[in-house]
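Since the structure comes first, as structure tokens, the remarks are kept for the end.
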Amino acid sequence: MSELKEITSLDLAALVASRVCHDIISPVGAITNGLEVLDEEGSEDMREFAMDLIRKSARQASAKLQFARLAFGAAGSAGAEIDLGDAQVVATGFMENEKSDLDWKLARHLMPKNFVKLLLNLILIANQCVPRGGTILVEMEGDPKLPSFTVKASGVNPRIPLGMKETLSGEEPERVDAHSVQPIYTLLLARESDMKLAIDKDEETVLITASPV
4 MSELKEITSL
14 DLAALVASRV
24 CHDIISPVGA
34 ITNGLEVLDE
44 EGSEDMREFA
54 MDLIRKSARQ
64 ASAKLQFARL
74 AFGAAGSAGA
84 EIDLGDAQVV
94 ATGFMENEKS
104 DLDWKLARHL
114 MPKNFVKLLL
124 NLILIANQCV
134 PRGGTILVEM
144 EGDPKLPSFT
154 VKASGVNPRI
164 PLGMKETLSG
174 EEPERVDAHS
184 VQPIYTLLLA
194 RESDMKLAID
204 KDEETVLITA
214 SPV
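This note's numbering puts the first residue of the sequence shown at 4, with every later residue one more than the last.
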């Protein structure tokens, strides 16, 4: 693969927006299905089932949107800082709907927004590495102004998704689309933050690190 080429800001924005829409289509569609059942069914059991589906799907959609707002959104003006406690809340809410458990070991600090966005995107990548579920351990060393992040994904048959290692190292992916944009976005965040990324695997764990250049 060749070196990753620059992506225009318009293309990047369009691809990230497509990724976010893809993530929330399923729970929003489930809400619509639940409302249709309420309109059509007279059975009390079916109405209760529909209400449970709507409640669960609404929570899931809200959690995904709150996570995306912090992980992909502007999150304030240039130079803004984000409370790691807020990041933990949205990460925990997001992971409640996933197969893996989140083990967040970071103390509460204010941190430059791009570091926080980078960390949340590393959690997304780690979650892809344990499709059968497991534990995602999140740790940090160093000063909040110059941190090093370690994210470990442990579970049954962990894997590094095809092309992920190459993309995070800066190589051009085979395709640039809504599926591949998230690791590309993560790489761009790392570059903007003067961080280098690495991802490696042993039998039971995928280890993802972000450290100062």
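In this text, a Cβ means the ideal position worked out from N, Cα and C, and glycines have one as well. None of the values given here were measured: they were computed from a predicted structure.
The Cβ-Cβ distance between ALA156 and CYS132 falls below 8 Å. Collapsing the DSSP output to three states places GLY137 in a strand. If the five residues before and after THR153 are omitted, its C-beta is found closer than 6 Å to the C-beta atoms of GLU142, THR212, all from its own chain and listed in chain order. When Cβ pairs closer than 8 Å are counted between the two stretches, the stretch 81-92 is seen not to touch the stretch 59-68, the count staying below three. GLY158 is bridged by DSSP to GLY137. Each residue's CA atom was taken as its position, placing GLY173 and MET49 some 51 Å apart. By the beta-carbon neighbour count (other beta carbons within 10 angstroms, threshold 16), GLY37 is buried. A straight-line Cα-Cα distance of about 10 Å links VAL40 and GLU51.
A Cβ-Cβ contact shorter than 8 Å links SER214 with LYS199. The beta carbon of ILE57 sits closer than 6 Å to the beta carbons of ILE34, GLY37 from its chain, once the five residues preceding and following it are set aside; these are given in chain order. C-alpha of ASN130 to C-alpha of THR208: approximately 12 Å in a straight line.
Its Cα nearest to that of ASP205, the residue ILE163 stands out among LYS120, ILE163, GLY96. Of all alpha-carbon atoms in LEU105, LYS102, ARG22, TRP107, the one lying nearest the alpha-carbon of ARG72 is that of ARG22. Annotated as distal: LEU127 and ALA181, with beta-carbon spacing of 8 Å or more. Every beta strand (DSSP E) stretch that sits fully inside the stretch 91-134 and reaches 3 residues is listed by chain position as 104-107, 113-115.
Look at GLU207 here: in three-state DSSP terms it is coil, with no helix or strand label. Less than 8 Å separates the beta-carbon of LEU210 from that of ASP203.
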